[in-house]
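Engineer:
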Amino acid sequence: MSLTNITGVARSEGDPRVERKGPSSLSGADRLSRALGWFSIGLGVTELVAPGRLARTLGLEGKEGLIRAYGARELASAVPTLSVDKPIGLGARIGGDALDLATLATALGRDNPKRHNAAIATALVLGITLLDVAAYTGVKAAHRRSSGSARDYFDRSGLPRGAQASRGLARKDFDIPPDYRAEGTVAAALPVVAS
Numbered sequence: 036m037s038l039t040n041i042t043g044v045a046r047s048e049g050d051p052r053v054e055r056k057g058p059s060s061l062s063g064a065d066r067l068s069r070a071l072g073w074f075s076i077g078l079g080v081t082e083l084v085a086p087g088r089l090a091r092t093l094g095l096e097g098k099e100g101l102i103r104a105y106g107a108r109e110l111a112s113a114v115p116t117l118s119v120d121k122p123i124g125l126g127a128r129i130g131g132d133a134l135d136l137a138t139l140a141t142a143l144g145r146d147n148p149k150r151h152n153a154a155i156a157t158a159l160v161l162g163i164t165l166l167d168v169a170a171y172t173g174v175k176a177a178h179r180r181s182s183g184s185a186r187d188y189f190d191r192s193g194l195p196r197g198a199q200a201s202r203g204l205a206r207k208d209f210d211i212p213p214d215y216r217a218e219g220t221v222a223a224a225l226p227v228v229a230s
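In this text, residue positions in the sequence shown follow my numbering: the first is 36, and each later residue adds one.
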């Protein structure tokens with residue numbers, strides 16, 4: 036059952052029924068950044084709730100506080116990633132990925148019996164980093180503003196037929212009630228109130 040059908044449950048008798056949704060205004064990069072924002076929330080909560088288990092799985096015992104801090108960072112970067120400030124959130128995610136990779140690099144040594152788990156985690160973080168970079172460049176390209184230069188509208192008047200041809204068109208095309216016409220001065224159009 037689609038969300039469109041579910042929303043009809045609270046519909047009043049006279050309200051129009053939504054038959055289908057129109058096309059989304061979100062670009063592919065916007066959808067990817069939204070998915071990455073929700074992924075950040077899931078990973079951040081996991082790192083906050085179970086840092087000890089993650090540390091044991093990766094061979095990073097003693098770094099539970101760091102993992103918990105990384106969870107807070109993930110949640111902090113999720114907020115702008117899910118908002119209109121996507122480039123800020125995605126940039127924070129890319130920086131966080133670099134920190135994650137540096138931390139995982141310490142777990143890849145031969146003395147770590149869990150280095151295979153750390154290698155898998157490193158490959159996953161590299162893949163997520165590529166998605167973060169793709170989303171960042173896509174969102175920046177989709178929402179690009181001209182940097183520093185104002186748009187040039189010198190050839191536009193706002194009046195397709197020109198200013199002179201447009202004068203008085205409202206009076207000619209529409210039947211304006213007499214009380215809406217402002218003839219003479221403004222003071223003469225105001226009603227007189229007896230004191």
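In this text, a Cβ means the ideal position worked out from N, Cα and C, and glycines have one as well.
In this text, all values refer to a predicted model and were calculated from it rather than measured experimentally.
Can we say the stretch 94-110 touches the stretch 129-141, given the rule of at least three CB pairs closer than 8 Å?
Structural biologist: Here the stretch 94-110 makes contact with the stretch 129-141; the two share three or more CB pairs at distances below 8 Å.
Engineer: Using only the alpha-carbon positions, how far apart do SER181 and GLY100 sit?
Structural biologist: Here residue 181 refers to the residue found at position 146 when the sequence shown is read from its first residue. Here residue 100 refers to the residue found at position 65 when the sequence shown is read from its first residue. Any reading at SER181 needs caution, since the residue's pLDDT is 47, under 50, leaving its predicted position unreliable; the model's value is listed next. Spanning the two alpha carbons is a distance of roughly 43 Å.
Engineer: So, is ARG202 buried or exposed, given that buried needs 16 or more other C-beta atoms within 10 angstroms?
Structural biologist: Within the sequence shown, residue 202 is the residue found at index 167, counting from 1. With fewer than 16 Cβ atoms within 10 Å of its Cβ, ARG202 is classed as exposed.
Engineer: Buried or exposed, going by whether 16 or more other CB atoms sit within 10 Å of the CB of ARG88?
Structural biologist: Here residue 88 corresponds to residue number 53 of the sequence shown, with the count starting at 1. Under this definition ARG88 is an exposed residue.
Engineer: Taking the CB atoms as reference points, tell me whether SER60 and VAL174 lie closer together than 8 Å.
Structural biologist: Translated into the one-based positions of the sequence shown, residue 60 becomes position 25. Translated into the one-based positions of the sequence shown, residue 174 becomes position 139. Cβ atoms of SER60 and VAL174: not closer than 8 Å.
Engineer: CB LEU139 to CB VAL160, shorter than 8 Å?
Structural biologist: Start at 1 with the first residue of the sequence shown, and residue 139 comes out as number 104. Start at 1 with the first residue of the sequence shown, and residue 160 comes out as number 125. Yes, these two residues count as a Cβ contact at 8 Å.
Engineer: Residue ranges of each alpha helix (DSSP H) run of no fewer than 4 residues wholly in the stretch 98-131, ordered along the chain?
Structural biologist: Within the stretch 98-131, the alpha helix (DSSP H) runs of at least 4 residues that lie entirely inside it are, in chain order, 99-117.
Engineer: For SER181, name the three-state secondary structure that DSSP assigns.
Structural biologist: On the sequence shown, residue 181 is found 146 positions in, with the first residue counted as 1. Because SER181 carries a pLDDT of 47, less than 50, the predicted location of this residue cannot be relied on, and the following value inherits that uncertainty. Residue state, collapsed to three classes: coil.
Engineer: Nearest to ALA176 by alpha carbon, out of ARG55, GLY63 and PRO51?
Structural biologist: In the sequence shown, residue 176 corresponds to position 141, counting from 1. When only C-alpha atoms are compared, the closest one is GLY63.
Engineer: Measure from the alpha carbon of GLY79 to the alpha carbon of each residue in ALA113, ARG66 and THR92, then state which is nearest.
Structural biologist: The sequence position of residue 79 within the sequence shown is 44, counting from 1. Taking only the C-alpha atoms, the option nearest GLY79 is ALA113.
Engineer: First and last residue of the alpha helix (DSSP H) that includes THR81?
Structural biologist: On the sequence shown, residue 81 is found 46 positions in, with the first residue counted as 1. Looking at the DSSP string, the run of the alpha helix (DSSP H) that includes THR81 is 63-84.
Engineer: Please identify the residue among LEU134, ASP65, GLY49 and THR141 whose C-alpha is closest to the C-alpha of LYS121.
Structural biologist: Your numbering for residue 121 matches position 86 in the sequence shown. Put simply, of LEU134, ASP65, GLY49 and THR141 the residue whose alpha carbon is nearest the alpha carbon of LYS121 is ASP65.
Engineer: Residues in its own chain within less than 6 Å of LEU117 by CB, not counting five upstream and five downstream?
Structural biologist: For the purposes of this step, residue 117 is taken as residue 82 along the sequence shown, with counting starting at 1. Closer than 6 Å at Cβ, skipping near neighbours: GLY72.
Engineer: For ILE123, which option in ALA200, SER47, GLU82 and ASP167 has the closest C-alpha, if you only look at C-alpha atoms?
Structural biologist: Along the sequence shown, one-based indexing puts residue 123 at 88. Closest by alpha carbon: ASP167.
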